[in-house]
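Protein chains in written order, with UniProt numbering: chain A, 1 to 430; chain B, 1 to 430. Positions of the beta carbon are idealized from the N, C-alpha and C atoms, including for glycine. Small disclaimer: the values here were computed from a predicted structure and weren't measured.
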């Protein structure tokens, strides 16, 4: 295992030398958002690095300002071969292997300028999101929600196994981890008055959804679809995603055009984009499709999902934290290449920075492996117990949800850091 | 009636002095997209105007480059009082009234530089669209489609009269009038095999939808809704919109998350944005809500929709044109202020340039006042007859749909020009 000369990188860190995820930061000395990679408890400030002569020496073909932009879009648009080469060069610069490039390691002034404690940096939304699409590819989630609403024997809609069901989400409400989320006011029908008139008020059923998010590196021409076997070349990288949902609003509004205000009050993503290449070693086959063979345009390589361990923490307003769910992203039945092939089948143009959500990821077992409270609590009927005497059906004001995700062995972990958000009361301003 | 000194402006022109819609053009002498207003068969090139000393004299508070950007977003973001003042000043510069500003009229060199035949300019998408949301506010459309799919007595879903139903559309596929639209390949179930396996192929049921589009001038802070009585201050202006739809794809994919590939292969808008102020004289009350009173957050002024006459032409591949529908936008049951208030109720942030579609606008009568072929043909069961022996259920390759819309008396018409698109075969490139 190749290790880094960067000090104090814990073997349990999500941000090992094998990872090097990209993000957008501001720092005390540079308040303009710009690019960095994370390693251990540090960031390598790529804008600071690009001010040094070393930058042109190791990246002769990169535009000199490429890491000075407020989003990663222009870097993403350079394409996967470039991302791969840049990541390999950065790995060499940060490695303590005998054949590694020593020029950053041995340059104390440059180290001081570019290698900064991560705690001193503020993370920002890494990409300008053109369009956000949310899929429904988590098999056990779709099955469980179908069982809840339609009963045994009718769990999956007829189209579910035939195409990656998805809907257009709201790009303007995609926010970076840490952004406060206001409990949405919405229109809904009270549960004890299902035939009654709708009311308007703060949602009583605010939920989270554990998802994987995928940022597009490049787009396709309108009218020209992306073949499934080429789709991975269009991917920049992955983040954790929490698709906050107001279940009472959703139940009332979603017929016939799908979720709207129940989903557009906030979608949180983790700040560090794990490049597609960093996840290559963790390919697995997803959930078996119960329909058997799919239509030809959806037939890609079988090991096209990733086995990323996912955990959800709920922190109460009092500050008690409990891990309420553990699952893995191998529970997806549709892969991102399949989603991309389907999304573009009719000619819809994807663009650099577009965000695709996987849909809620749940395991097949009990509440402790479910990706949302709707499933954990059987639609709000069974409380989940927290430490002490505390319990939840849906989220309370002041609750914080933190999603973590990682794969790989200690010392070479490829993780996402945190995707975190706290719900604040509809009655107050931030 | 105040008229213009601009030559040969027909009394039947959509682009009277009472209108002055804004758009983005390129010209033979200036290939960089920039702003203009339309008048008669002319455009007043605002970038060319802004190069003259007159510009700073009449617009002392406008940023000098405001009309040199490739979209109208920055101008829109200046807010309605500014749009109003700029339009009034341009009206004075173009008017032949005794008290009008003569400085453009009397400056032959500036006229030659800035007043250009519209036919010499190419129109572009007027706004950079952040998010596109499509509503379902056309009462007679919703009623007719419900009758088709659910039968008498169940035409409207329970939520229809309670909230403006809408869904998130696809911003990347919004294109300007004239852009060719490829017949989408999609996944659907054959009509003679409703229990059968889905197939993939070119859609057999490509339709248009006549809508009014609304561009946002400014946005709201995330978490803070827009009150219905303030919503009009957030509007920049209006366009005609054709929400192309693949009905076979839609029927198969839309449960439970709404339309997706059936809608994201193209949405066409007319190029000239009619400012909100230009439509002020044409306010009317919309369709009576069958539920009676709505919830308080949706109660705005009653005359909040516009009476804009709408017409749809179908031009066959052979070049024969027939007007297949005439209706009016007063058939909306929800107004744009209501849509904006509902959209932001839970805190969803709208941004400058966001596009809202009204939903299909149909009259209550026969096929000749319906806003889409789905209604005109009763779901493809009854052909509509064109000239000669020609007929349609859905669109053929090579068909062109042109939507026109206007209000006002001859000489002071406020119209939109054309929203036009032609379907080309899925088997060929453009």
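Only counting the same chain, and skipping five residues up and downstream in sequence, which positions put a Cβ closer than 6 angstroms to that of residue i?
i, result
"residue 165 of chain A", "136"
"residue 290 of chain A", "161"
"residue 113 of chain A", "48"
"residue 129 of chain A", "171, 174, 353 and 355"
"residue 422 of chain B", "180 and 400"
"residue 373 of chain A", "207 and 394"
"residue 26 of chain B", "33 and 122"
"residue 89 of chain B", "58"
Does DSSP put residue i in a helix, a strand or coil?
i, result
"residue 406 of chain B", "strand"
"residue 334 of chain A", "coil"
"residue 252 of chain B", "helix"
"residue 274 of chain A", "strand"
"residue 66 of chain A", "coil"
"residue 89 of chain B", "helix"
"residue 173 of chain B", "helix"
"residue 188 of chain B", "strand"
"residue 236 of chain A", "strand"
"residue 146 of chain B", "helix"
"residue 81 of chain B", "helix"
"residue 322 of chain B", "strand"
"residue 72 of chain A", "coil"
"residue 245 of chain B", "strand"
"residue 38 of chain A", "strand"
"residue 53 of chain A", "helix"
"residue 361 of chain A", "coil"
"residue 418 of chain B", "strand"
"residue 61 of chain A", "coil"
Using alpha carbons as the reference points, say which of the options lies closest to residue i.
i, options, result
"residue 201 of chain A", "A/229, A/249, A/216 and A/238", "A/249"
"residue 393 of chain A", "A/110, A/173 and A/205", "A/205"
"residue 272 of chain A", "A/16, A/294, A/232 and A/9", "A/16"
"residue 24 of chain A", "A/307, A/73, A/60 and A/53", "A/73"
"residue 92 of chain A", "A/182, A/4 and A/410", "A/4"
"residue 60 of chain A", "A/50, A/69 and A/68", "A/50"
"residue 349 of chain B", "A/382, A/288, A/169 and A/80", "A/169"
"residue 323 of chain A", "A/316, A/330, A/329 and A/312", "A/312"
"residue 163 of chain A", "A/96, A/299 and A/115", "A/299"
"residue 426 of chain B", "A/310, A/345 and A/321", "A/345"
"residue 57 of chain A", "A/36, A/86 and A/40", "A/86"
"residue 151 of chain A", "A/41, A/379 and A/321", "A/379"
Check whether the Cβ atoms of residue i and residue j lie closer than 7 angstroms to each other.
i, j, result
"residue 240 of chain A", "residue 403 of chain A", "yes"
"residue 278 of chain B", "residue 185 of chain B", "no"
"residue 358 of chain B", "residue 332 of chain B", "yes"
"residue 218 of chain B", "residue 71 of chain B", "no"
"residue 274 of chain A", "residue 303 of chain A", "no"
"residue 226 of chain B", "residue 109 of chain B", "no"
"residue 237 of chain A", "residue 276 of chain A", "yes"
"residue 262 of chain B", "residue 209 of chain B", "no"
"residue 43 of chain A", "residue 147 of chain A", "no"
"residue 68 of chain A", "residue 34 of chain A", "yes"
"residue 53 of chain B", "residue 38 of chain B", "no"
"residue 157 of chain B", "residue 255 of chain A", "yes"
"residue 375 of chain A", "residue 144 of chain A", "yes"
Suppose the cutoff is 7 angstroms on Cβ atoms and the five residues either side in sequence are ignored; what does the same chain contact list for residue i look like?
i, result
"residue 178 of chain B", "420"
"residue 410 of chain B", "11 and 12"
Give a single yes or no on whether residue i has its beta carbon closer than 6 angstroms to a heavy atom of the ligand SAH.
i, result
"residue 157 of chain A", "Because no ligand of any kind appears in the structure shown, any question about the ligand SAH cannot be addressed here."
Enumerate in chain order the residues of its own chain whose CB-to-CB distance from residue i is below 8 angstroms, with the five nearest sequence positions on each side excluded.
i, result
"residue 77 of chain A", "217, 218 and 352"
(request) Taking a Cβ distance cut-off of 7 angstroms, strictly less, list which residues of the stretch 164-181 of chain A are near chain B, in chain order. (result) Contact annotation: in the stretch 164-181 of chain A, residues whose CB is within less than 7 angstroms of a CB in chain B are 165, 166, 167, 168, 169, 170, 171, 172 and 173.
(request) With 9 angstroms as the C-beta to C-beta threshold (strictly closer), list the residues of the stretch 226-256 of chain A near chain B in chain order. (result) For the stretch 226-256 of chain A, the set of positions with a beta-carbon nearer than 9 angstroms to some beta-carbon of chain B reads 246, 249, 252, 253, 254, 255 and 256 in chain order.
(message) Give me the subset of the UniProt domain "Fumarylacetoacetase N-terminal" (18-126) of chain A whose CB atoms are less than 9 angstroms from a CB atom of chain B, sorted by chain position.
(response) The residues in question: there are none.
(request) Could you run through the stretch 136-151 of chain A and flag, in chain order, every residue whose CB is less than 7 angstroms away from some CB of chain B? (result) For chain B, the residues of the stretch 136-151 of chain A that bring a beta carbon within less than 7 angstroms of one of its beta carbons are 136, in chain order.
(message) Beta carbons nearer than 7 angstroms to chain C: which residues of the stretch 189-200 of chain B have them?
(response) Of the protein chains in this structure, namely A and B, none is chain C.
(message) Tell me which residues of the stretch 324-353 of chain B have at least one Cβ-Cβ distance to chain A shorter than 8 angstroms, keeping chain order.
(response) Cβ contacts with chain A: 342, 343, 345, 346, 347, 348, 349, 350 and 351.
(message) So if I threshold CB-CB distances at 7 angstroms, which residues from the stretch 392-412 of chain A count as touching chain B?
(response) Near chain B, meaning a CB-to-CB distance below 7 angstroms, no residue of the stretch 392-412 of chain A qualifies.
(message) Can you pull out the residues from the stretch 255-275 of chain A whose beta carbon lies closer than 9 angstroms to at least one beta carbon of chain B?
(response) Within the stretch 255-275 of chain A, the residues whose Cβ lies closer than 9 angstroms to some Cβ of chain B are 255, 256, 257, 258, 259, 260, 261, 262, 263, 264, 265 and 266, listed in chain order.
(message) For the stretch 295-323 of chain A, list every residue whose C-beta sits within 7 angstroms of some C-beta in chain B, in sequence order.
(response) Listed by position along the chain: 295 and 297.
(request) Taking a Cβ distance cut-off of 9 angstroms, strictly less, list which residues of the stretch 206-225 of chain A are near chain B, in chain order. (result) Cβ contacts with chain B: 219, 222, 223, 224 and 225.
(message) Please identify, using Cβ separations under 8 angstroms, the residues of the stretch 376-390 of chain B that lie next to chain A, in order along the chain.
(response) Within the stretch 376-390 of chain B, no residue places its CB atom closer than 8 angstroms to a CB of chain A.
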